[in-house]
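First up is the structure itself, then whatever we jot down about it.
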Amino acid sequence: MFTSVDEVSARLAETGYLASPAVATTVFLADRLGKPLLVEGPAGVGKTELAKAVAHVAGARLVRLQCYEGVDESRALYEWNHAKQLLRISAGRDETWDETRTDIFSEEFLLPRPLLTAIRGDEPTVLLIDETDKADVEVEGLLLEVLSDFQVTVPELGTITATRRPFVVLTSNASRELSEALRRRCLFLHIGFPEEELERRIVRLKVPGIDAALAESVVRVVGALRAMDLRKAPSVAETIDWARTLLALGATTLDESVVRDSLGVILKHQDDVLKAAAKLDLDAV
Amino acid sequence: MSAADVTDRLVGLVAALRAHGVRIGTGESVDAAQAVTELGFTDRELLREGLAATLLHTPDQRRLFDTVFDLYFPHGVGAPGEDPGDRDDLRDRLARALADGDEALVARLAIEAVDGLGGYGSSPGADGWSSYQTLERLRPQTLLARVRDDIRGRGGADGFTDRLLEDEIRRRIEAFRALVATEARRRVAERRGRDEIARRAVAPTADRVDFLYAGKDRLAELRRTVQPLARKLATRMAARRRRAARGTIDLRRTLRGSLSTGGVPMRPVLRRRRPSRPELVLLCDVSGSVSGFSDFTMLLVQALHDQFSKVRVFAFVNRVDEVTGFLRHGVADPAGLGARIQSEARLTAYHGSSDYGVALGEFAERHGAAVGPRTTVFVLGDARTNMSDPNLAAVRRIAEQARHVHWLNPEPRSLWGTGDSAAPEYAELVAMHECRNAHQLGDLVGRLLPV
């Protein structure tokens, strides 16, 4: 898919995703080594966006498996279409049982779910397994076969192997420790908060009307907030929201009253707002 | 670099990481080697990211990895080419680089500074390089005012963001100090062999630092891990609860139900679990020697408080006082928690050293009602009684009243019973666990907390 790390950054940037060197390198390696990519990081730094951007760059279709507590085999892998099987049985009254039996467990009656869909396609595919940490431990076991050998075993049909390996991205918020077995099959990428220079570029790309000086001030204030040891440090998504808010308010520079009034956009806890206001020498909020 | 040399370095790097407790299999080493061939050696930062992606599994290993990587894949060999200037010249250039925010130049200056100011010993080159000596001679922290005035003079900062300037400069100076430490380590490793330096002179990941020896900044780093750790433990406990809830068959109701199917038990009825959330009592030694451990554990338990119906925390040095209230309000300022408990709760009488016997006796006496048949008690402390009576009777009384009593001891097991430690005596009465670092604590809490 890619020939160099620079090409990865350049092509991702075309789709509006500005990647740090760490992100670009890891995406490049994931493509070259043919390994799944496990992305961790705080909420709102663009983990899911990365998968979408890669799909866009590669011209691949995006298959998404959203994990949640209680997601199981029939939601993630495949399911037999029982209703259709019953119809088939009652429709063919005068054949022998053996014929019917081999027929109702054929591909026609198989309902593919995201994992199987991603494996079976011939076109290039990006498989996004979102919020893997929300799923139960049993589902991780299910993923192992798919991630290491890119194959799915259906007992009645046999093993279905991918003709074309999908590019797999797993995301996690680390609310649960993923198992060692799963981690070992993946390349690990931790997306943290971006460096100042990169964040400035992101803000100017995502909020087109913003003045360069204002963007710089915004990023510097957010940087200071992140150094403050808050309950929830503001993420890139919040920086962008804040920049948009300031633009909508018609502010051209930051001053005390503007910051005080809009602090709620970047900080989500009252404790944090108070603490930040004190440290930034704002008057009482 | 030749292929064999690269392999040697890679294997050395992996071995050093393993020595620090990072679990890396052969498969990952092979992946790392493949990453090296894909990325080449033209850009060292890309190589760093590539190796990190293939070798690491969790973000907290990254700091350790970076230090070890700098030793095995250094930016260069030997001394820098140009002759280092004297101290004042270096300070001038550093001040200018800091004002410009020129990271590449700051990095070069760190290399020169170690070369010019860090060498010690009598041989013509130097016997070693010390980052401490470099920083003592250069004193970069005193450049703050100068850099600030420089930036202000140029009109680089005005309006609201001016107030952020000092902190930003402080962060840049901090980064410079880290660079000096890295460079000094590299120079020392060239002389003494990098394998040895990688094992001895590299700080372990935060969760494996001994509570008893953790410095101030490591404790601050640990405090930041409280919330994520608590979240992990909560999910683990929820899973244990779910698992505990299924499986036991209610025989009476199963048989009663079987009457409608002619006495054949077609549908097993599972026993209903009463949703009882356990109570927790924490009894913490907060005297100087173990306060880092106690603070961390208290914060962790407070973060887990919604998992329990009731959490009460008592602190003692040689007297006991309840501190549950401090903790609830202390979440906003975890760093100041220990100081507030020390100053506002009544924990000492006559002298300031810990006395387990008196404190435990007073607890059993005055707060005995806090411990009931549904309570789990955690005692945190090193069991060093300063030669006074350990008061085993009080412990026995607490153990009889409570459902479980666990004692978490931050000392290594080999030291239990040495000197004035009464650990073996207490361990006969209640279960005592070695709990030296955050990693062990997380393990123990996840295992021992009642569900």
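Protein chains in written order, with my numbering: chain A, 2 to 286; chain B, 75 to 525.
We put the beta carbon where it would ideally sit given N, CA and C, even for glycine.
The structure displayed is predicted, hence computed values, not measured ones.
Please state if the CB of residue j and the CB of residue i are separated by a distance shorter than 7 Å.
| i | j | result |
| --- | --- | --- |
| Asn532/B | Val283/B | Residue 532/B cannot be examined here, being either before or after the span of chain B that is shown, 75 to 525. |
| Val40/A | Leu190/A | yes |
| Ala249/B | Val188/B | no |
| Ser495/B | Arg458/B | yes |
| Pro43/A | Ser236/A | yes |
| Phe382/B | Pro352/B | yes |
| Ala167/B | Trp203/B | Looking at the sequence provided, one finds Arg at residue 167/B rather than Ala. No; because the gap between Cβ atoms is not below 7 Å, this pair is not in contact. |
| Thr235/B | Ser218/A | yes |
| Cys187/A | Lys135/A | no |
| Leu66/A | Ala77/A | yes |
| Asn392/B | Gly431/B | no |
| Arg184/A | His94/B | no |
| Arg386/B | Thr398/B | yes |
| Leu212/B | Leu191/B | yes |
| Ala184/B | Val276/B | no |
| Glu200/A | Val220/A | yes |
| Glu257/A | Leu215/A | no |
| Leu112/A | Val170/A | no |
| Gln135/B | Val80/B | no |
| Ala54/B | Val469/B | Nothing can be reported for residue 54/B, as the shown portion of chain B is limited to 75 through 525. |
| Leu503/B | Cys509/B | no |
| Ala280/B | Ala90/B | no |
| Ile247/B | Pro214/B | yes |
| Asp324/B | Arg298/B | no |
I need the boundaries of the beta strand (DSSP E) containing residue i, first residue and last residue.
| i | result |
| --- | --- |
| Asp131/A | 126 to 131 |
| Gln67/A | 62 to 67 |
| Glu80/A | 79 to 81 |
| His507/B | 505 to 508 |
| Thr154/A | 152 to 155 |
| Leu190/A | 188 to 191 |
| Leu454/B | 449 to 454 |
Under the assumption that residue i contacts residue j (Cβ atoms under 8 Å), give the Cβ distance between them as a whole number of angstroms.
| i | j | result |
| --- | --- | --- |
| Ala288/B | Gly366/B | 6 Å |
| Leu217/B | Arg165/B | 7 Å |
| Ala225/A | Leu238/B | 5 Å |
| Arg327/B | Val343/B | 4 Å |
| Met372/B | Leu354/B | With 8 Å as the limit, Met372/B and Leu354/B do not qualify as a contact, their Cβ atoms being about 11 Å apart. |
| Gly47/A | Glu239/A | Contact flag wrong, Cβ pair sits at about 12 Å. |
| Val147/A | Ala52/A | Actually they do not touch by this definition, with Cβ atoms about 16 Å apart. |
| Val300/B | Leu374/B | 5 Å |
| Ala277/A | Arg261/A | The pair is not a contact, with the Cβ atoms about 10 Å apart (cut-off 8 Å). |
| Arg310/B | Gly520/B | 5 Å |
| Met146/B | Arg268/B | Just to set this straight, residue 146/B is Tyr in the shown sequence, not Met. With a Cβ gap of about 6 Å, Tyr146/B and Arg268/B count as contacting. |
| Val204/A | Ile241/A | 6 Å |
| Tyr79/A | Arg114/A | 6 Å |
| Ala106/B | Leu121/B | That pair is no contact at about 10 Å. |
In the DSSP assignment, the alpha helix (DSSP H) including residue i goes from what residue to what residue?
| i | result |
| --- | --- |
| Gly431/B | 430 to 440 |
| His478/B | Careful: His478/B lies outside any alpha helix (DSSP H), inside the beta strand (DSSP E) at 478 to 483. |
| Trp490/B | No alpha helix (DSSP H) contains Trp490/B, which DSSP labels as neither H nor E. |
| Ile161/A | Counting along the chain, Ile161/A falls outside any alpha helix (DSSP H), though it belongs to the beta strand (DSSP E) covering 159 to 162. |
| Pro113/A | Unbroken run through Pro113/A is the beta strand (DSSP E), 111 to 113; no alpha helix (DSSP H). |
| Glu197/A | 197 to 207 |
| Val170/A | Segment 168 to 173 is the beta strand (DSSP E) holding Val170/A; no alpha helix (DSSP H) there. |
| Leu325/B | 325 to 332 |
| Tyr424/B | Looking at the DSSP string, Tyr424/B is not in any alpha helix (DSSP H), and its letter there is neither H nor E. |
| His513/B | 512 to 522 |
| Phe139/B | 136 to 146 |
Under 8 Å Cβ-Cβ, which residues of chain D neighbour residue i?
| i | result |
| --- | --- |
| Lys306/B | No chain D is part of this structure, whose protein chains are labelled A and B. |
Query raised in the report: So, do the segment 102 to 118 of chain B and the segment 133 to 142 of chain B have three or more beta carbon pairs nearer to each other than 8 Å?
Result: No, because fewer than three Cβ pairs between the segment 102 to 118 of chain B and the segment 133 to 142 of chain B fall closer than 8 Å, the two stretches do not touch.
Query raised in the report: Taking three-plus beta-carbon pairs below 8 Å as touching, is the segment 265 to 273 of chain A in contact with the segment 225 to 244 of chain A?
Result: The segment 265 to 273 of chain A and the segment 225 to 244 of chain A touch, with no fewer than 3 CB-CB distances between them shorter than 8 Å.
**Report entry** the segment 103 to 112 of chain B in contact with the segment 24 to 35 of chain A per 3-pair CB rule at 8 Å
**Finding:** Look at the beta carbons and you see the segment 103 to 112 of chain B touching the segment 24 to 35 of chain A: at least three pairs across the two are nearer than 8 Å.
Requested in this report: At 3 residues or longer, and completely inside the segment 335 to 404 of chain B: list those beta strand (DSSP E) runs for me, N to C.
Outcome: Counting only runs of 3+ residues, the beta strand (DSSP E) found wholly inside the segment 335 to 404 of chain B occupies 353 to 359, 384 to 390, 394 to 396, in chain order.
Query raised in the report: Within the chosen definition, does the segment 137 to 157 of chain A reach the segment 190 to 204 of chain A through at least 3 CB pairs nearer than 8 Å?
Result: At 8 Å Cβ cutoff, the stretches do not touch.
Query raised in the report: Is it true that the segment 160 to 168 of chain A meets the segment 176 to 188 of chain A, where meeting means three or more beta-carbon pairs spaced less than 8 Å apart?
Result: The count of Cβ pairs closer than 8 Å, one atom from the segment 160 to 168 of chain A and one from the segment 176 to 188 of chain A, stays below three, leaving the stretches out of contact.
**Report entry** At least three beta-carbon pairs within less than 8 Å, the segment 200 to 218 of chain A to the segment 240 to 247 of chain A
**Finding:** Flag = yes, the segment 200 to 218 of chain A and the segment 240 to 247 of chain A touch.
Query raised in the report: Where are the beta strand (DSSP E) runs, 3 residues long or more, that stay fully inside the segment 258 to 302 of chain B, in chain order?
Result: The segment 258 to 302 of chain B contains no whole beta strand (DSSP E) run of 3 or more residues.
Query - the segment 9 to 25 of chain A in contact with the segment 95 to 115 of chain A per 3-pair CB rule at 8 Å - result: Under the 8 Å Cβ criterion, the segment 9 to 25 of chain A does not count as touching the segment 95 to 115 of chain A, having fewer than three qualifying pairs.
**Report entry** Cβ contact (3+ pairs, closer than 8 Å) linking the segment 437 to 448 of chain B and the segment 473 to 491 of chain B
**Finding:** In short, these stretches touch, since the Cβ pair count reaches three.
Query raised in the report: What are the complete alpha helix (DSSP H) segments, minimum 4 residues, inside the segment 177 to 202 of chain B?
Result: Runs found: 177 to 191.
Query raised in the report: Going along the chain, which unbroken runs of the alpha helix (DSSP H) with 4 or more residues stay wholly within the segment 9 to 93 of chain A?
Result: Listed in chain order, they are 22 to 34, 48 to 59, 74 to 77, 83 to 92.
Query raised in the report: Which runs of the alpha helix (DSSP H) spanning at least 4 residues fall entirely within the segment 215 to 283 of chain A, listed in chain order?
Result: Whole alpha helix (DSSP H) segments, 4+ residues: 237 to 250, 257 to 267, 271 to 280.
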